[in-house]
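Asks: Here the protein sequences line up with chains A and B, keeping their order.
So the first sequence is numbered by this note's numbering: it starts at 13 and just counts up by one.
So the second sequence is numbered by this note's numbering: it starts at 3 and just counts up by one.
Attaching a single structure in structure tokens format; questions to follow.
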Amino acid sequence: MTMTCDQLDTLLPEFFDGALSAEQETAAANHMATCSDCRTVVSELEGVSSLFRTQGRMKLPDDARERIKGALGLEGG
Amino acid sequence: MTADLRRTGEPVPSATMNEYSAIARSVSVAALFDQFADGVYTLGYRILGDRHLAEDIVQETFIKVMRSLDTYRGDGPIAAWLYRIGYREAITATRRRRETPLDPDEMLAAGDHPVTSVEDAVLAAELTQRLDAAIGRLAEPLRSAFVLRDIEQLSTSEVAQSLEVSVSAVKMRLARARQALRVELKEYLA
Numbered sequence: 013m014t015m016t017c018d019q020l021d022t023l024l025p026e027f028f029d030g031a032l033s034a035e036q037e038t039a040a041a042n043h044m045a046t047c048s049d050c051r052t053v054v055s056e057l058e059g060v061s062s063l064f065r066t067q068g069r070m071k072l073p074d075d076a077r078e079r080i081k082g083a084l085g086l087e088g089g
Numbered sequence: 003m004t005a006d007l008r009r010t011g012e013p014v015p016s017a018t019m020n021e022y023s024a025i026a027r028s029v030s031v032a033a034l035f036d037q038f039a040d041g042v043y044t045l046g047y048r049i050l051g052d053r054h055l056a057e058d059i060v061q062e063t064f065i066k067v068m069r070s071l072d073t074y075r076g077d078g079p080i081a082a083w084l085y086r087i088g089y090r091e092a093i094t095a096t097r098r099r100r101e102t103p104l105d106p107d108e109m110l111a112a113g114d115h116p117v118t119s120v121e122d123a124v125l126a127a128e129l130t131q132r133l134d135a136a137i138g139r140l141a142e143p144l145r146s147a148f149v150l151r152d153i154e155q156l157s158t159s160e161v162a163q164s165l166e167v168s169v170s171a172v173k174m175r176l177a178r179a180r181q182a183l184r185v186e187l188k189e190y191l192a
């Protein structure tokens, strides 16, 4: 059982959420085993998520953190 | 309530009205602040492109959290409830302010990326600038969905609840955002 590039493309959100059915998962794996274009696309999309997961999160500056906690009455917590 | 509230994704069990207030009381605002302040700051900054405005979003969000925690009914993930407040604050601020382009210098200064050498600093600054510029070019609905799902690691369902849109709309926005960023950042994805 396999699927087309378009079918895989449509299912990419579920693919990345790990929400494919067992049948779809097998079909996606079979398709990617023979389609280098889709392997590249999936790998690069995973790279995008990974890049932002590790580099995209920001930290509230310490001075702002203390000021806001003070304003909220959360100091010492 | 302890442990990882943001990622458990486990809805607080359904409860009677009397039990709701007990649930609310058990959630410490201080603990919520410690857990979600950086995430709300990230969301606010990615929407508004201004770190001072993003700090205001954090403050306004937690003022509302303090005022409305009693109304949190525990029938959904608390992360989605809290980010929904933050998202509404940020969108209101955007409308109030009249949208302005994101400033790459401001964005660079706002990041928090520890570095170990001058060369690392230069490379990290360049990468940060590229990522910030790329995400800044996304339309706001795509950007917000991407930030909550791929940076803040909410589930797709939690993102939908936070943004008050359907799960299928979130999936569509994520697909478009990831594809645009893939094209934009291809050189970093080899």
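Where is the CB? At the ideal position from N, CA and C, for every residue including glycine.
Owing to the predicted nature of the structure, the values given are computational and were not obtained by experimental measurement.
Please list, in chain order, the chain E residues whose beta carbon lies closer than 7 Å to that of alanine 83 (chain A).
Replies: Chain labels in this structure do not include chain E; the protein chains are A and B.
Asks: Once the 5 residues before and after glutamate 154 (chain B) are set aside, which same chain residues still bring their CB inside 6 Å of it?
Replies: Contacts found: Gly41.
Asks: Counting Cβ pairs closer than 8 Å, one from the region 86–101 of chain B and one from the region 43–50 of chain B, do we hit at least three?
Replies: Counting Cβ pairs under 8 Å, three or more are found: they touch.
Asks: Straight-line CA distance for glutamine 61 (chain B) to glycine 78 (chain B)?
Replies: Rounded to whole angstroms, glutamine 61 (chain B) to glycine 78 (chain B) spans 23 Å at the Cα level.
Asks: Can you name, in chain order, every residue of its own chain whose Cβ lies under 8 Å from the Cβ of serine 168 (chain B), other than the five neighbours on each side?
Replies: Cβ within range, chain order: Ala162.
Asks: Does the beta-carbon of alanine 40 (chain A) have 16 or more other beta-carbons within 10 angstroms, so that it is buried, or is it exposed?
Replies: Alanine 40 (chain A) is buried by the Cβ-count criterion.
Asks: At a CB distance below 7 Å, what residues from the region 13–41 of chain A approach chain B? Give them in sequence order.
Replies: Listed in sequence order: Leu24, Pro25, Asp29.
Asks: Taking C-beta pairs closer than 8 Å, name the residues in chain B that valine 60 (chain A) reaches, listed in chain order.
Replies: By Cβ distance, chain B contributes Asp152, Arg180, Leu183, Arg184, Leu187, Leu191.
Asks: Starting from the C-beta of tyrosine 190 (chain B), find all residues in its chain whose C-beta is less than 8 Å away, skip the five residues before and the five after it, and write them out in chain order.
Replies: Excluding residues within five positions, the ones whose Cβ falls inside 8 Å are Leu129, Arg132.
Asks: What are the residues in the region 44–59 of chain A lying within 8 Å of chain B by C-beta distance?
Replies: Within the region 44–59 of chain A, the residues whose Cβ lies closer than 8 Å to some Cβ of chain B are Val53, Ser55, Glu56, Leu57, Gly59, listed in chain order.
Asks: Are the Cβ atoms of alanine 147 (chain B) and leucine 187 (chain B) separated by less than 8 Å?
Replies: Not a contact, by the Cβ cut-off of 8 Å.
Asks: Can you tell me where the alpha helix (DSSP H) with alanine 81 (chain B) in it begins and where it stops?
Replies: Run containing alanine 81 (chain B): 80–99, per the alpha helix (DSSP H) assignment.
Asks: With 8 Å as the threshold, decide whether the Cβ of isoleucine 80 (chain B) is near any Cβ in chain A.
Replies: No - not a single Cβ of chain A is within 8 Å of the one on isoleucine 80 (chain B).
Asks: When Cβ atoms are compared, which residues of the region 37–55 of chain B fall closer than 9 Å to chain A?
Replies: Residues Ala39, Asp40, Gly41, Val42, Tyr43, Thr44, Tyr47, Arg48, Arg53, His54.
Asks: Pick out whichever of B:Trp83, B:Thr94, B:Gln181, B:Glu166 has its Cα sitting closest to the Cα of arginine 139 (chain B).
Replies: Out of B:Trp83, B:Thr94, B:Gln181, B:Glu166, B:Gln181 has the C-alpha closest to the C-alpha of arginine 139 (chain B).
Asks: Can you give me the C-alpha to C-alpha distance between leucine 165 (chain B) and glycine 85 (chain A), rounded to a whole angstrom?
Replies: Straight-line Cα distance between these residues: approximately 28 Å.
Asks: Give, in chain order, every unbroken run of the alpha helix (DSSP H) that is at least 4 residues long and sits entirely within the region 157–182 of chain B.
Replies: Listed in chain order, the complete alpha helix (DSSP H) runs (minimum 4 residues) inside the region 157–182 of chain B are 158–165.
Asks: Just verifying my parser: in three-state terms, what is the DSSP assignment at arginine 139 (chain B)?
Replies: In this structure, arginine 139 (chain B) counts as coil in the three-state DSSP scheme.
Asks: Does chain A have any CB closer than 8 Å to the CB of lysine 66 (chain B)?
Replies: Closer than 8 Å: no.
Asks: Please classify methionine 44 (chain A): does DSSP put it in a helix, a strand, or coil?
Replies: Methionine 44 (chain A) falls in the helix class under three-state DSSP.
Asks: Does the beta-carbon of alanine 34 (chain A) have 16 or more other beta-carbons within 10 angstroms, so that it is buried, or is it exposed?
Replies: Its Cβ having fewer than 16 others within 10 Å, alanine 34 (chain A) is exposed.
Asks: In terms of residues, what are the limits of the alpha helix (DSSP H) holding leucine 65 (chain B)?
Replies: The question names leucine, yet the displayed sequence has isoleucine at residue 65 (chain B). First-last of the alpha helix (DSSP H) with isoleucine 65 (chain B): 53–70.
Asks: Hey, arginine 175 (chain B) and leucine 150 (chain B): beta-carbon distance below 8 Å or not?
Replies: For arginine 175 (chain B) and leucine 150 (chain B), no; Cβs fall outside 8 Å.
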